[in-house]
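Asker: Before anything else, here's the structure in question.
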Amino acid sequence: MKTILTVFLKEVRENIRDRRTVMNTLLTGPLMAPLIFVLLINGIVSRELEKAEKPLPVPVIGAANAPNLVDALRQSGIIVKDPLPDPERAVRDQEADLVLRIPDTYAEAWSKGEPAQVELIFDESQRDAQGSVSRLRRILDGYGQRTSTLRVVARGLSPTILRPLVVADRDQSTAQARGGMMFSMLPYFFILGAFIGGMALAIDTTAGERERQSLEPLFANPVARSRILLGKLGATSAFALTTLLLSIIAFSFAGQFMPTEKLGMTLSIGPHFALLTLLAMLPLVFLIASLQTLAAAFAKTFREAQTYLSLLMFVPAVPTMLMSLFPFKVETWMYAVPLVGQQITITRLMRGENVAASEVALCFACTSLAALLVYLVTARIYRSERLAIST
Amino acid sequence: MIELKGLTKAFGEVKAVDGVSFTARDGEITGLLGPNGAGKTTTLRMLYTLMKPDSGQVVVDGIDAAVDPVAVRRRLGVLPDARGLYKRLSSRENIAYFGRLQGMDEATIASRIDGLVKALDMGEIIDRRTDGFSQGQRVKTAIARALIHDPKNCILDEPTNGLDVMATRAMRDFLRHLKAEGRCVLFSSHIMQEVGALCDRIVVIAHGHVVADASPDALREQAGTANLEDAFVKVIGSAEGLAA
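The structure is reproduced here in structure tokens:
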């Protein structure tokens, strides 16, 4: 135990003196996530709000064919612009979000009481234009409905005859759940923080030590290599944990500056959230530290280790991406999968949903087991003859 | 006392060490002379249990390294071929780290460092960070680190490698000082004059074999030359990889 502590203290002391490592642990790692987050959320919110209220400019072709319709558009906040020579190309090239074309046959069909056609030219794959398209479509639908109501009334019928079915929305998603969708990236940022925090030490304590030729004299001391490894892993985990802690604190703080209420959602990021998140992440931090040390042990040089560890950073992105691409129902076994378990736990906590103690325990136990396994493999590598030899 | 018995070690097809046996006694300086690539470093690595021999036995003060490698390492002070320091730690912190790993208490470490600072003339550098140290300053720190626990047996792999003339002289004096304290000193070198000047016993290694194991006088007699360097060249068969 004393040996482990000796190695731990030495690694911590040595790395605290490295300004770049300290910056990564205390600043870049923990602050990156909440910063990106606040910027992202603020951007989304203000863009949504802006779009909803701003007058919408729409090039209209053949405005003279339907003066009444064009008037109605103007009253609903549409700025009718001059027609474009080639609207299809303009939309494809993203010069215009959408174009409305009123054919010459419009007036004739309208006065005969037949369906009068207008064309909406847009690009479905253009996410940015979707809001404008649906807004214009709503206005057009509204105009059509008003007209049909007037026509039915003019024939002495009740307008309700046109609405045999009425659908009333009863959305069961809570405001928190809607918010959580947006925040499904957050667990990834926490995990990434742990990666960044431990990276420098994992490299320095293994590949770096070998490159500096100090591993061989270290192993000449009368201590078991597994003790040395545990001390090094402890120091790596401590730095990663510091980063994680700071990033949880920073996020809790930054959360108050997010205009979440404008999106109609509440975030549950109090002490309860912080504590359970920390608990779920704790074994994962050790697992990551072991994985990083294992990868660094295979590298001959500092640079090679950096390459391996950078690649390793993509691993936690996989479950995050899969989970946001394919909506799924949470099953209990998922808590047993490292990374996925943390992802689910943190996401649910943030939405203010209850995570059962047994589920947190399952997540904790299974990740701990995985961490132990990776540690044992790393310890095996540490015992090999080749590890110490620098040249 | 260090006894090596029939050590062999192969890396793939290459037999780096092929049946090396010799004994290094307490109160003597034993020199391991051989051209570069003769198997000196591999032999020493097996001795301080960094590598496992394919066959053969290492015994230090009566302890079999295969049975209790930790106890063997406790009795050895090792200056390996690789002697990297921790650059962000001071010389003293580097040395104290190894003292703690040896299981020493802080007071003993402090007093032992004082003694080593005097013996190695490290007064000016002891509290400086090792980043930017000269080769000589680095070797001094590495030696102090290796000997912090006052080991009975001292193993030094090419201790004068890269040192300037003054530092080399100081190093040789220090090895004599260790011998005078009654320790078993074993060092490797490819410099004939150094081995000739220092050693009570010379073990000559070539191509993984021990080709001579004798006192300097006996070696001269054995080779039938009055000059020790001629004797070395004669037993090895060539002067390649050696330095005068």
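Taken in order, these protein sequences are the chains called A and B.
Each number in my numbering comes from the position in the first sequence (counting from 1) with 7 added on.
Each number in my numbering comes from the position in the second sequence (counting from 1) with 231 added on.
Glycine is no exception: its CB is placed at the ideal position from the N, C-alpha and C atoms.
Since we're looking at a predicted model, the values are computed, not measured.
Listed in chain order, which residues of the region 268-292 of chain B have Cβ atoms closer than 9 Å to some Cβ of chain A?
Answerer: Arg276, Tyr279, Thr280, Leu281, Met282 and Lys283
Asker: List the residues of chain A whose Cβ lies closer than 9 Å to the Cβ of Arg369 (chain B), in chain order.
Answerer: Going along chain A, no residue has its Cβ under 9 Å from Arg369 (chain B), so there is no contact; the nearest lies around 11 Å.
Asker: The beta strand (DSSP E) that contains Ser419 (chain B), what's its start and end?
Answerer: Cys415 to Ser420
Asker: List, from N- to C-terminal side, the beta strand (DSSP E) runs of 3 residues or more that fit wholly inside the region 243-298 of chain B.
Answerer: 245-255, 260-264 and 286-291
Asker: Check whether the Cβ of Ala313 (chain B) lies closer than 8 Å to any Cβ atom in chain A.
Answerer: Residue contact check for Ala313 (chain B) against chain A: a CB pair falls below 8 Å.
Asker: Using DSSP's beta-bridge definition, name the partner residues of Thr239 (chain B).
Answerer: B:Asp249 and B:Ser286
Asker: Can you name the residues that DSSP bridges to Asn384 (chain B)?
Answerer: Bridge partners of Asn384 (chain B) according to DSSP: B:Leu307 and B:Cys415.
Asker: Give the DSSP-derived three-state secondary structure of Phe364 (chain B) in the structure shown.
Answerer: coil
Asker: With a cut-off of 8 Å, does the C-beta of Lys17 (chain A) fall near any C-beta of chain B?
Answerer: Yes, Lys17 (chain A) counts as interfacial toward chain B.
Asker: Does the region 228-242 of chain A come close enough to the region 301-308 of chain B to have 3 or more Cβ pairs within less than 8 Å?
Answerer: yes
Asker: Helix, strand or coil: how does DSSP classify Phe44 (chain A) here?
Answerer: In the structure shown, Phe44 (chain A) sits in a helix (DSSP, three-state: H, G or I).
Asker: Alpha carbon to alpha carbon, how far is Val362 (chain A) from Gln349 (chain A)?
Answerer: 11 Å
Asker: Would you check if the distance between the CB atom of Thr352 (chain A) and the CB atom of Val367 (chain A) is smaller than 8 Å?
Answerer: yes
Asker: Taking a contact to mean a Cβ-Cβ separation below 8 Å, would you say Thr250 (chain A) touches Thr28 (chain A) in this structure?
Answerer: With contacts defined by Cβ atoms closer than 8 Å, Thr250 (chain A) and Thr28 (chain A) do not form a contacting pair.
Asker: Return helix, strand or coil for Glu21 (chain A), following the three-state DSSP convention.
Answerer: In the structure shown, Glu21 (chain A) sits in a helix (DSSP, three-state: H, G or I).
Asker: Are the region 292-303 of chain B and the region 335-355 of chain B touching by the rule of at least three beta carbon pairs closer than 8 Å?
Answerer: no
Asker: Assuming contact is defined by CB atoms lying nearer than 8 Å, are Ile43 (chain A) and Leu63 (chain A) in contact in what I supplied?
Answerer: no
Asker: Should Val29 (chain A) be flagged as near chain B, meaning a C-beta pair shorter than 8 Å?
Answerer: no
Asker: Using a Cβ-Cβ distance cut-off of 8 Å, determine whether Val298 (chain B) contacts chain A.
Answerer: no
Asker: For Ile396 (chain A), name the three-state secondary structure that DSSP assigns.
Answerer: coil
Asker: Expressed to the nearest angstrom, what Euclidean distance is found between the alpha-carbon atoms of Gly413 (chain B) and Leu34 (chain A)?
Answerer: 55 Å
Asker: Which residue's Cα is closest to the Cα of Leu169 (chain A): A:Asp130, A:Thr154 and A:Leu38?
Answerer: A:Thr154
Asker: Is the closest heavy atom of the ligand SAM to the C-beta of Gln124 (chain A) under 7 Å?
Answerer: Looking for the ligand SAM in the displayed structure turns up nothing, as the structure carries no ligands at all.
Asker: Taking DSSP as the reference, what is the three-state secondary structure of Lys9 (chain A)?
Answerer: helix
Asker: With distance defined between alpha-carbon atoms, name the residue in A:Leu283, A:Ser53 and A:Ser139 nearest to Glu360 (chain A).
Answerer: Measuring from the Cα of Glu360 (chain A), the nearest candidate turns out to be A:Leu283.
Asker: Listed in chain order, which residues of the region 395-420 of chain B have Cβ atoms closer than 7 Å to some Cβ of chain A?
Answerer: Cβ contacts with chain A come from no residue of the region 395-420 of chain B.
Asker: According to the Cβ coordinates, are Lys410 (chain B) and Gly258 (chain B) closer than 8 Å?
Answerer: yes
Asker: Which of the residues in the region 248-262 of chain B, read from start to end, lie with their CB under 8 Å from any CB of chain A?
Answerer: none
Asker: In its own chain, which residues sit with a C-beta less than 6 Å from the C-beta of Ile235 (chain A), not counting the 5 before and 5 after it?
Answerer: Val14
Asker: Could you check the C-alpha separation between Gly330 (chain B) and Pro345 (chain A) for me, to the nearest Å?
Answerer: 40 Å
Asker: With a threshold of 8 Å between beta carbons, is Phe329 (chain B) in contact with chain A?
Answerer: yes
Asker: Which chain B residues are close to Val230 (chain A), counting only those with a beta carbon under 9 Å from its beta carbon?
Answerer: Val301, Arg304, Leu332, Gln333 and Gly334
Asker: Could you check the C-alpha separation between Pro41 (chain A) and Glu115 (chain A) for me, to the nearest Å?
Answerer: Cα to Cα, Pro41 (chain A) sits roughly 59 Å from Glu115 (chain A).
Asker: Pull out every residue of the region 300-312 of chain A whose Cβ sits closer than 9 Å to any Cβ of chain B, in chain order.
Answerer: none
Asker: For Ile23 (chain A), count neighbouring Cβ atoms within 10 angstroms of its own Cβ and tell me buried if that reaches 16, exposed if not.
Answerer: It counts as exposed.
Asker: Using beta-carbon positions only, say whether Ala70 (chain A) and Ile109 (chain A) come within less than 8 Å of one another.
Answerer: yes
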